[in-house]
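The numbers in UniProt numbering rise by one with no breaks, and the one at position 301 of the sequence shown is 301.
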Amino acid sequence: MSIPLFTPGAVDPADLDAHTVGRAAFLSRLTDRIIDAAHDGSRPHTLLIGPHGSGKTHTLHVVVHRALSHRDTSKAVLPLLLPEDSLAIGSYGDLLVELIRSRLPEARELRDDVIGLERAILDLADGRMILVAIENLDRVFEAIGEAGQGSLRAWVETSTAVMLFATAPALFPGVASRTHPWYGSFIVEELPALTIDEGAQIIAPTGDLADYLRSPEGRDRLAAIEHLVGGSPRLWQMVAEVADVPALQALEPVTAALLDRLAPSYQQRLWQLPAGEQRLVVELARGEGARTVSDLAAAVGVSNQTASAALGRLTAARWVVRTKSDAGDRRATWYDLTDPLLRRVVQYRDGRA
């Protein structure tokens, strides 16, 4: 079967597990952490960090599936999984309702009674560990606000029954700032990138194409693709959908198909930026490396102060990364794209090879 590129959570976790490539030790460590917690009373909260397409959803569902398939763990755990991109959360009460609405439909009537909702979840658990899996924790924490984050932390601490297993594209103030309730509460795990060999396994585990990928020319083509897609499982899967021996020998049909498929999603993300920030990102993408504030300001026709403020916001949102030069003027700050593939997509849309 083919695993959906953008909604792996809609697939049976056993099928996801069967199609998992690489990260064996990483997955085992996360699985053992849940199993141990279910039996020894510890509650080590985990936050998976990785950019879009790195496999956070896939990993979360596979780890929970493996943990609940292990011996008596399923009897000791109440799993509550919040759907990816849940849009119905605007308060702490909404979060609790979304966690149990499929198991307890009458929970909607308690939306304004968070104490009642907390008690209902504990009653439902009946002494079991409550494994709360939340994707895009950064968005959820923003939606419930600092007060909601504090309420969640208080419930987790006082009940001693709840373990959080969450994902986010990057660290964010809700877990990284000393002024927030959940500061220092998570074991932060960064998803490891896939290797070239693991990418090759996604493209073709067996057959003539797999034989070609093991040849010197095939390895050369894999290296070129890895330079473009990095270690992203989603991008390797996209390559797999268009790759055959002739296409890989020519290489350009594979890269062009990949960039063409990625272009709409990148374009949508760019459109969500304010116009001034969008222009700076596109200007960076049209070049081939890092640029200074003054260079970028002149290129888009704004003041250095305006460009600097916008680049600060883009840095915080992980669109760009800033560095100091090892040589020359150490006072100058250089900015470049965090995601190098964005540069290739923009240049592809501009008609450049």
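Where a beta carbon is used, it is the ideal one built from N, C-alpha and C, also for glycine. Given the structure is predicted, the values throughout are model-derived calculations rather than measurements.
* Asked: Under the rule that 16 or more other beta-carbon atoms within 10 Å means buried, what is His61, buried or exposed?
  -> buried
* Asked: According to DSSP, is Thr158 helix, strand or coil?
  -> Helix.
* **For Ala223 and Ile196, the rounded distance between their alpha carbons** => 7 Å
* To do: Tell me where the beta strand (DSSP E) around Thr46 begins and ends.
  => 45-49
* Short Cβ contact (8 Å threshold) for Ile130 with Leu82 -> Between Ile130 and Leu82, the CB-CB gap reaches or exceeds 8 Å.
* Asked: Using CA coordinates, which residue listed in Ala332, Arg234, Arg318 is at the minimum distance from Asp295?
  -> Ala332
* Does DSSP put Pro195 in a helix, a strand or coil? -> Correcting the residue identity first, residue 195 is Thr in this sequence and not Pro. Three-state DSSP puts Thr195 in coil, outside helix and strand.
* **Burial state of Gly351, where buried means 16 or more other Cβ atoms lie within 10 Å** => exposed
* How would you label Arg33, buried or exposed, when you count the other beta carbons within 10 angstroms and need 16 or more for buried? -> buried
* Asked: Buried or exposed: which applies to Gln305, given that a residue is buried once 16 or more other Cβ atoms fall within 10 Å of its Cβ?
  -> exposed
* Look at the alpha carbon of Arg101 and the alpha carbon of His227, and state the distance between them as a whole number of angstroms. => 44 Å
* To do: Could you check which residue in Ile202, His19, Arg128, Ile35 has the C-alpha nearest to that of Ala67?
  => Ile35
* In the DSSP assignment, what are the bridge partners of Thr57? -> According to DSSP, which records beta bridges pairwise, Thr57 is partnered with nothing at all.
* Is the Cβ-Cβ distance between Leu117 and Leu124 less than 8 Å? -> no
* To do: Using alpha carbons as the reference points, say which of His52, Leu27, Ala38 lies closest to Gly230.
  => Ranked by Cα distance from Gly230, the options His52, Leu27, Ala38 are led by His52.
* Return the CA-CA distance between Phe186 and Val63, expressed in angstroms with no decimal places. => 17 Å
* **Ile35, enclosing alpha helix (DSSP H) - first and last residue** => 24-40
* What separation, rounded to the nearest whole angstrom, lies between the Cα atoms of Gly260 and Val345? -> Note that residue 260 is Asp in the sequence shown here, rather than Gly. For Asp260 and Val345, the distance between alpha carbons rounds to 8 Å.
* Asked: Is the distance from the Cβ of Asp112 to the Cβ of Gly93 below 8 Å?
  -> The answer is yes: Cβ separation under 8 Å.
* To do: Taking the CB atoms as reference points, tell me whether Leu258 and Leu235 lie closer together than 8 Å.
  => yes
* Rounded distance between the beta-carbons of Val162 and Arg291, thought under 8 Å -> Not quite, the Cβ-Cβ distance comes to about 46 Å (not below 8 Å), so this is no contact.
* CB-CB length for Ala285 against Leu342, believed under 8 Å -> 6 Å
* Can you tell which of Pro169, Leu137, Trp182, Val281 has the C-alpha that lies nearest to the C-alpha of Leu87? -> Leu137
* Asked: Mind checking whether Leu164 and Gly55 have CB atoms under 8 Å apart?
  -> no
* **C-beta contact flag for Ser303 and Val293 at 8 Å** => no
* To do: Go to Val229, then tell me how far its alpha helix (DSSP H) extends in each direction, as first and last residue.
  => That run of the alpha helix (DSSP H) goes 216-229.
* Quick one: using the 10 Å Cβ neighbour count with 16 as the cut-off for buried, is Asp40 buried or exposed? => exposed
* To do: Would you list the one or two residues that DSSP bridges to Ile115?
  => DSSP output for Ile115 lists no bridge partner at all.
* Could you tell me the boundaries of the alpha helix (DSSP H) in which Thr306 lies? => Taken as a continuous stretch (DSSP letters only), the alpha helix (DSSP H) holding Thr306 covers 304-316.
* Measure the C-alpha to C-alpha separation of Ile225 and Thr255 and round it to an integer number of angstroms. => 8 Å
* **Distance CB(Ile89)-CB(Leu95) smaller than 8 Å** => In this structure, the beta-carbon distance from Ile89 to Leu95 falls below 8 Å.
* Asked: Alpha carbon to alpha carbon, what distance is there between Leu314 and Gln237?
  -> 29 Å
* Asked: If you follow the beta strand (DSSP E) that Glu283 is part of, which residue opens it and which one closes it?
  -> First-last for Glu283: 275-286, but that is the alpha helix (DSSP H), not the beta strand (DSSP E).
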